[in-house]
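Heads up: the sequence shown is residues 4 to 155, going by my numbering.
Ideal Cβ placement from N, Cα and C applies to all residues, glycine included.
On a predicted model such as this, the values are computed, not experimentally measured, just so you know.
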Amino acid sequence: MATSQDKGFVVLTRELLADLLELLDAEVEAARDEVASVWRGSWAIPLCFSLALFLLFWVVALLGYALVALLSRWLPPWGAGLVVAGGFLLLAGAAAAVGVARLRRLRNPYDIFVRRLREHLAWWRSEVQLRRREPGAPQPSSTASGQEGRPE
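Now the structure itself:
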């Protein structure tokens with residue numbers, strides 16, 4: 004196999020561009036997989052908000068009347084209505100809090116991309132510095148997938 008000193012500038016440039024395109028393709032695929040894994044379980048967020056709205060709309064009308072009628076035995080009707088409305092507001096707030104908590108657990112895809120880019124740039128710099136220090140050292144052999152030594 005010819006060393007880098009035996010190859011011409013055009014051949015080395017062509018190999019560099021091919022390696023860069025392969026790296027870019029691998030990065031895009033890895034970012035796509037990571038973003039998909041983050042958003043895969045996020046179906047429950049709109050479900051929680053929908054459940055909260057459903058409860059506010061229908062349950063208030065159905066159970067509210069019954070509770071107001073029951074509490075009217077001990078409280079004035081307007082007081083019973085306020086107690087029931089407050090209880091339903093607490094339930095709706097709890098459902099919304101669960102939805103917001105799940106939403107905050109999601110990671111931002113942009114932050115994932117920036118983190119991966121920084122990791123790979125740091126890896127690339129360390130490899131370049133390592134090869135600059137040891138110019139006579141043999142090149143590391145790559146696996147069939149070309150992923151050996153790269154951060155995940």
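Opening and closing residue of the alpha helix (DSSP H) in which residue i lies
i           : result
residue 126 : 112 to 136
residue 60  : No alpha helix (DSSP H) holds residue 60; DSSP gives it neither H nor E.
Between the CA atoms of residue j and residue i - distance to the nearest angstrom
i           : j           : result
residue 135 : residue 120 : 22 Å
residue 82  : residue 91  : 15 Å
residue 18  : residue 25  : 10 Å
residue 33  : residue 70  : 55 Å
residue 130 : residue 99  : 49 Å
residue 74  : residue 113 : 53 Å
residue 125 : residue 11  : 28 Å
Buried versus exposed call for residue i [16 or more other C-beta atoms within 10 Å across all chains shown]
i           : result
residue 102 : buried
residue 117 : exposed
residue 87  : buried
Local conformation of residue i per DSSP, three classes
i           : result
residue 77  : coil
residue 42  : helix
residue 11  : coil
residue 109 : coil
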